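Asks: One structure coming up, written as structure tokens, with questions to follow.
In my numbering, the protein residues as written are 64 to 372.
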């Protein structure tokens, strides 16, 4: 079919869907052929070497066959390694977003998906994306383990409390696609549904009139910075008690242990929750923890830090 669907797979609605399906088809047919060879061989040898008369005795046993043993060890080994390399490449393709991707934030909680678009547009239960553009989803959970799944895109990513996870896709044709949670998360797990809406450029231009609800996360992040962070962290490059927020996001920082860490979302969350875990070299371990900050507040603070380049 021209949309890539089959009797067991839904339509291919993203640019990465075909690579996932090709790997699936290869593994499927490899298993079918292997099963057929083993089943047919078992029936053949059971018939060929059956006991033909009641008094027939077993003939001499063949101790081993080097060629046969090497064949059924090396050939399956090569196939398994081939599947591993192929699968790992598909995994990397699904998780290494292009540099020009539009970054959407997805918050999972019992039992809903909440999406914030790159410009701060807030759309609970709906993911509105432009056709033909790479979309990166930066996801976190507010409570328990969830899993973000869009079957038409062939993307699935566990969403874990206390950590950020990401996956990306590009849908070239306008349409609607279902979002599911595929990790049991409580009594209303089956109700945790949402929809991806793929729009034309003209439709995206009218979003303020149709679906967009403003959530000024950058402004909120700046207020949080002023009230909680500015005494120890400057926003203009000046050195105070702790590292300046200017240019910090995404930068590699050397720690007091000699290790290097990238100041991404996960590092920032860890530094807020457990600031003594990874202390930047040259600074004292003086930062207190901020357990009162909710995930939305941390998101807003990170969005503000991204503007300090």
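Quick reminder that beta carbons are idealized off the backbone N, C-alpha and C, glycines included. In this text the structure is predicted, and so the values were computed from the model without any measurement.
At what residues does the alpha helix (DSSP H) containing residue 135 begin and finish?
Replies: Its alpha helix (DSSP H) spans residues 129-158.
Asks: Within the chosen definition, does the stretch 193-201 reach the stretch 156-174 through at least 3 CB pairs nearer than 8 angstroms?
Replies: Taking 8 angstroms as the limit for Cβ pairs, the verdict is that the stretch 156-174 does touch the stretch 193-201.
Asks: For residue 323, does the three-state DSSP call read helix, strand or coil?
Replies: In this structure, residue 323 counts as strand in the three-state DSSP scheme.
Asks: Please report the straight-line C-alpha distance between residue 106 and residue 112, rounded to a whole angstrom.
Replies: Roughly 10 angstroms separates the two Cα atoms.
Asks: Tell me whether the beta-carbon of residue 335 lies closer than 9 angstroms to the beta-carbon of residue 308.
Replies: No.
Asks: Once you ignore the five residues that flank residue 98 on each side, which residues in its own chain have a CB closer than 7 angstroms to its CB?
Replies: Correct list: empty, nothing qualifies.
Asks: Can at least three beta-carbon pairs, one atom from the stretch 218-231 and one from the stretch 132-151, be found at a separation below 8 angstroms?
Replies: The stretch 218-231 is not in contact with the stretch 132-151.
Asks: So is residue 80 buried or exposed if we call it buried at 16+ other beta carbons inside 10 Å?
Replies: That one is buried.
Asks: For residue 246, which of 172, 128, 194, 236 has the nearest alpha-carbon?
Replies: Of the listed residues, the one whose Cα sits closest to residue 246 is 172.
Asks: Excluding the five sequence neighbours on either side, which residues of its own chain have a C-beta within less than 7 angstroms of the C-beta of residue 264, listed in chain order?
Replies: 193.
Asks: Sorted by chain position, which residues of the same chain lie with C-beta nearer than 6 angstroms to residue 315's C-beta, five sequence neighbours on each side aside?
Replies: Excluding residues within five positions, the ones whose Cβ falls inside 6 angstroms are 323, 325.
Asks: Have a look at 349, 332, 368, 318 and flag the residue whose alpha-carbon is nearest the alpha-carbon of residue 202.
Replies: The candidate whose alpha carbon is nearest that of residue 202 is 332.
Asks: On the CB-based measure, 16 or more other CB atoms within 10 Å of its CB, does residue 108 come out buried or exposed?
Replies: By the 10 Å Cβ count, residue 108 comes out exposed.
Asks: Tell me the residue span of the beta strand (DSSP E) that contains residue 185.
Replies: Residues 184-187.
Asks: Shortest alpha-carbon distance to residue 144 belongs to which of 289, 90, 102?
Replies: Residue 144 has its Cα closest to that of 90, out of 289, 90, 102.
Asks: Counting Cβ pairs closer than 8 angstroms, one from the stretch 252-269 and one from the stretch 338-351, do we hit at least three?
Replies: Short answer: they don't touch.
Asks: Under 9 angstroms, do residue 156 and residue 82 count as touching if we go by C-beta distance?
Replies: Yes, the Cβ-Cβ distance between residue 156 and residue 82 is below 9 angstroms.
Asks: Expressed to the nearest angstrom, what Euclidean distance is found between the alpha-carbon atoms of residue 88 and residue 355?
Replies: Distance between the alpha carbons of residue 88 and residue 355 is about 49 angstroms.
Asks: Which residue or residues does DSSP assign as beta-bridge partners of residue 241?
Replies: 258, per the DSSP bridge assignment.
Asks: Need the endpoints of the beta strand (DSSP E) that residue 174 sits in, please.
Replies: No beta strand (DSSP E) contains residue 174, which DSSP labels as neither H nor E.
Asks: Could you check the C-alpha separation between residue 207 and residue 177 for me, to the nearest Å?
Replies: Computed Cα separation, rounded: 15 angstroms.
Asks: Nearer than 8 angstroms: is that true of the beta carbon of residue 210 relative to any heavy atom of the ligand COA?
Replies: Looking for the ligand COA in the displayed structure turns up nothing, as the structure carries no ligands at all.
Asks: Please state whether the Cβ-Cβ distance between residue 248 and residue 209 is less than 9 angstroms.
Replies: Yes, they are a contact pair.
Asks: Indicate the three-state DSSP secondary structure (helix, strand or coil) for residue 83 in the structure shown.
Replies: Looking at residue 83 - three-state DSSP - the assignment turns out to be helix.
Asks: What's the C-alpha gap between residue 288 and residue 162?
Replies: Roughly 28 angstroms separates the two Cα atoms.
Asks: So residue 368 is in the alpha helix (DSSP H); what residue range does that whole segment cover?
Replies: Note, residue 368: alpha helix (DSSP H), 358-370.
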